[in-house]
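Line by line, the protein sequences are chains A and B.
Take 1 as the starting number for the first sequence in the working numbering and just add one per residue.
Take 1001 as the starting number for the second sequence in the working numbering and just add one per residue.
Down below is the structure, laid out as structure tokens.
Number of protein chains: 2
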Amino acid sequence: MARTQGSHSAQTGPRIREAALRLFAKHGYAAVSMRQIARDVGVQAGALYNYTPDKQALLFDLLKGHMDELLAAWKAEPTPATPTLRLEAFVRFHIRFHLARPQAIFISYMELRNLDPDNFAIIEGLRKRYESTLTGILRDGLTEGSFAVPDPALATYALIAMLTGVNTWYRDKGRLSVDEVSDIYWDMTCRMVAR
Amino acid sequence: MARTQGSHSAQTGPRIREAALRLFAKHGYAAVSMRQIARDVGVQAGALYNYTPDKQALLFDLLKGHMDELLAAWKAEPTPATPTLRLEAFVRFHIRFHLARPQAIFISYMELRNLDPDNFAIIEGLRKRYESTLTGILRDGLTEGSFAVPDPALATYALIAMLTGVNTWYRDKGRLSVDEVSDIYWDMTCRMVAR
DNA sequence: ACTTGATCTGAACAGCCGTTCAAATCTATC
DNA sequence: GATAGATTTGAACGGCTGTTCAGATCAAGT
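In structure tokens, the structure reads:
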């Protein structure tokens, strides 16, 4: 037996990434075997190596792709005129973007330690880049006089943790919609940083 | 060869738990083998089974022990008179307790999915019990008129995530002491919930 | 000094791990 | 219809996995 009917790299490649994302998110990188991923795709384990040099690259590509998408999506957002409006845009964007990709976010936070040092440094750099945009907004509002946070760096950590935390409890069929959650979190954010 | 000189269960038992805690925190439950833990303790893998029925129980005991300790420590704290003072006590307690046990906290958040369903339910119940004490404080302050949170349940999630997030960036030799961090986080908390 | 029970070793078990590769079979092009 | 290149299989590699257990050696009680 060998090449199978209807086999195309344009189909198998994405399906492998989807299966890896789903399985890594559910069981964790270390707990998932290449054979499990292959079984999920409906292929033998050896076939995976036409699409990734090794398991590590599979994880890295998922995380790198997610971070690139995050930064690009934020860059594509309009930039409101005032720091307060920019902060509101960030809060709503962060919640919306993260709730739309629960698996990728889960992996991005849980599997960092399974990255090789070089790969870790790259992902960490991208994350810092994203977080620094929030710090910039806070600093702008501080110098402009509309915010009164005691420490912009810590406020960044606090806000990112608070906003990302939504992913741990939000359920699609819950009592609140994404917009309602965003309203409440923007309210809390506003009170936290406002003068 | 067999029993070794100076071998005592009162020593080996704790050393196994310490090694497991350290290694699970560093590499993840699934990525750590029983032989690695044994090597760290200076013993053969078979000896571990005098102290734990299996690897799963080792993880569960660490998480269960941690949650018991957390709940007991909070119970031992004095209960101030007003909701505002109780909230301040909670914020400072949470940061202090968590920063003192980074590895246990790390495991408690990262390895939940590696628990058997039964074990998961137990840990999850204890966590809910802890979080509900915060919700209670928020509700008290709400009915008493000193707080003005839009939603106590969401405020609980937001605050817990924000406070626990300190563990991801805090470094012992950093620019801020635990008390200084607590001051700033209490300030942000206060502004977030105050009327 | 002798016995009893606690403690550990070292080997073994069956099974899974990531990865490689020649051979087989497909699709696409001419 | 022949040919070339893309794609997958299936077997194999050495090594690691959690767990069990008989036998060896220790510490402690008498």
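Note that CB positions come from ideal geometry on N, CA and C, so glycine has one too.
Assign residue i to one of two classes, buried (16 or more other C-beta atoms within 10 Å of its C-beta) or exposed (fewer than that).
i: A:K55; result: buried
i: B:E1111; result: buried
i: B:L1059; result: buried
i: B:H1094; result: buried
i: B:Y1185; result: buried
i: B:P1053; result: exposed
i: A:P80; result: exposed
i: B:T1082; result: exposed
Could you spell out where the alpha helix (DSSP H) holding residue i opens and where it closes?
i: B:N1167; result: 1166-1169
i: B:L1115; result: Careful: B:L1115 lies outside any alpha helix (DSSP H) and carries neither H nor E.
i: B:E1088; result: 1083-1099
i: A:Q36; result: 34-41
i: B:S1182; result: 1178-1193
i: B:K1075; result: 1055-1076
Does any CB atom of chain B fall closer than 9 Å to the CB of residue i?
i: A:V193; result: yes
i: A:P150; result: yes
i: A:I184; result: yes
i: A:Q114; result: In the sequence as displayed, the identity of residue 114 of chain A is Asn instead of Gln. Cβ-Cβ to chain B under 9 Å: yes for A:N114.
i: A:G28; result: yes
i: A:V181; result: yes
i: A:Y49; result: no
i: A:I160; result: yes
With DSSP as the reference, label residue i as helix, strand or coil.
i: A:A148; result: coil
i: A:A19; result: helix
i: B:A1158; result: helix
i: A:S7; result: coil
i: A:T143; result: helix
i: A:K173; result: coil
i: B:A1047; result: helix
i: B:P1102; result: helix
i: B:G1028; result: coil
i: B:P1080; result: coil
i: B:A1002; result: coil
i: A:T12; result: helix
i: A:T135; result: helix
Taking 9 Å as the CB-CB limit, is residue i close to chain A?
i: B:V1166; result: yes
i: B:W948; result: Past the edges of chain B, shown from 1001 to 1195, lies residue 948 of chain B, and the structure says nothing about it.
i: B:I1016; result: no
i: B:D1187; result: yes
i: B:I1137; result: no
i: B:Y1130; result: no
i: B:M1110; result: yes
i: B:I1107; result: no
i: B:A1057; result: no
i: B:A1031; result: yes
i: B:A1121; result: no
i: B:A1155; result: yes
Count the CB pairs spanning the stretch 1045-1063 of chain B and the stretch 1153-1167 of chain B that are closer than 8 Å, and state whether there are at least three. no
Count the C-beta pairs between the stretch 1078-1096 of chain B and the stretch 1173-1192 of chain B that are closer than 8 Å, then say yes if the count reaches three, no if not. yes
Is the stretch 1037-1047 of chain B touching the stretch 1011-1025 of chain B, taking contact as three or more C-beta pairs under 8 Å? yes
Could you tell me whether the stretch 1114-1127 of chain B touches the stretch 145-159 of chain A, using the rule of 3 or more Cβ pairs below 8 Å? no
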